[in-house]
Amino acid sequence: MSKTLSIAFIGLGNMGGPMAANLVKAGFQVTGFDLSASHLDQAKAQGVAPASSAQAAAKVADVVITMLPAGKHVLSVWQDILSTTKPGALLIDCSTIDVESAHAAHRLATEHGLTALDAPVSGGVGGAQGATLTFMCGGTELAFSMAKPLLEAMGKKIVHCGEAGAGQAAKICNNMILGISMIAVCEGFALAEKLGLSHQALFDVASTSSGQCWSLTTYCPVPGPVPTSPANRDYQPGFATPLMLKDLLLSQDAAHSAGAQTPLGARATELYQRYLETGASEKDFSGIISMLRS
Ligand code: NAD
52 MSKTLSIAFI GLGNMGGPMA ANLVKAGFQV TGFDLSASHL DQAKAQGVAP
102 ASSAQAAAKV ADVVITMLPA GKHVLSVWQD ILSTTKPGAL LIDCSTIDVE
152 SAHAAHRLAT EHGLTALDAP VSGGVGGAQG ATLTFMCGGT ELAFSMAKPL
202 LEAMGKKIVH CGEAGAGQAA KICNNMILGI SMIAVCEGFA LAEKLGLSHQ
252 ALFDVASTSS GQCWSLTTYC PVPGPVPTSP ANRDYQPGFA TPLMLKDLLL
302 SQDAAHSAGA QTPLGARATE LYQRYLETGA SEKDFSGIIS MLRS
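Going by our numbering, the first residue of the sequence shown is number 52, and it counts up by one from there.
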């Protein structure tokens, strides 16, 4: 994809702001819009040309990228821009949204003769800043091949998961595993404490045997064994608890509509809901160990 193509980036928050800035750094022309004037100003300082509305940004763009809070925001913005978007434009939604809304967004694009891709990310704000995100993509081969060079300017791993909605499905399944595995690791450490086993001893064994997982080896929920984990900075995020709960709730919506049994996913959702109610909105999701201990 030529770097002379123009990109509209809608939703310039914690994730979208640095992602748009990385597109600018890679040499793309980026026009942006956000409802928040301060986010728009920050993006402007990074070389993004500010637009007065989503429509104004999108109507001159060959590719429109959205990075918004939830499915209702994505559908509303896509509905707004579709009538004025250039023929042949590519629409990429990078937000984490419910699978049904992702399908609805694809249908909207198809009805207007446009190509669409769902491309949610993992890697958090650090990954957005460092252009090291993983993109999980759903859509046709054509949409994927058109989007890939752009996504490579914002991430380091770009996976084509399947047809429309497959990117969101992969994201939600992955994060349900993450929520469950973090609770499992926290319970392991809480039990070890009661049994008089040191954190380091459990880590040394579990990290090199069958208990090994990302929640243990990268995001260890107790201070010490992994110095970069949020546990070492009083559980400052990282991956904030409300975002973990959001993704777990999406997994339960998807399980319900698909008729899948996810008993541990359901329990993890309840536990994160309870943890949030203890006042954990500013805490990393690994901080749930404090609730599990008590
Ligand atoms: P954020 O709240 O920081 O940013 C969202 C932005 O969208 C805000 O600036 C808001 O003003 C803007 N917005 C809302 N409605 C709009 C509209 N109609 N038109 C234009 N702008 C609008 O959220 P974020 O952390 O950047 O997350 C964005 C998406 O990425 C979410 O779906 C989230 O689940 C997902 N995500 C976030 C992380 C993370 O660590 N923050 C990681 C992976 C995925």
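Backbone N, C-alpha and C define an ideal beta-carbon position, used for all residues, glycine too.
Residue pairing for F60: DSSP places it in a beta bridge opposite G83 and I116. Between the segment 96-113 and the segment 72-85, the count of Cβ pairs shorter than 8 angstroms is three or higher; the stretches touch. Around the CB of K334, 16 or more other CB atoms lie within 10 Å, so the residue is classed as buried. Taking 6 angstroms as the cut-off, the C-beta of L86 counts as close to a heavy atom of the ligand NAD. Setting aside the 5 residues that flank it on each side, H163 is surrounded in the same chain by L133, each with a C-beta closer than 6 angstroms to its C-beta; the list follows chain order. 7 angstroms or more divides the Cβ of F195 from the Cβ of V172. Along the length of the segment 158-236, whole alpha helix (DSSP H) runs at least 4 residues long occupy 175-181 and 192-203, reported in chain order. Residue pairing of A291 in beta bridges, as defined by DSSP: D335. At a threshold of 6 angstroms, L184 does not count as near the ligand NAD, since its beta carbon sits no closer than that to any of the ligand's heavy atoms.
Put simply, of G275, I234, Y270 and Q263 the residue whose alpha carbon is nearest the alpha carbon of H250 is G275. For I132, no beta strand (DSSP E) run applies; the uninterrupted alpha helix (DSSP H) run containing it begins and ends at G122 to L133, by DSSP. Taking the Cα of G218 as reference, the smallest distance to any Cα among M233, G190, A235 and M205 is reached at G190.
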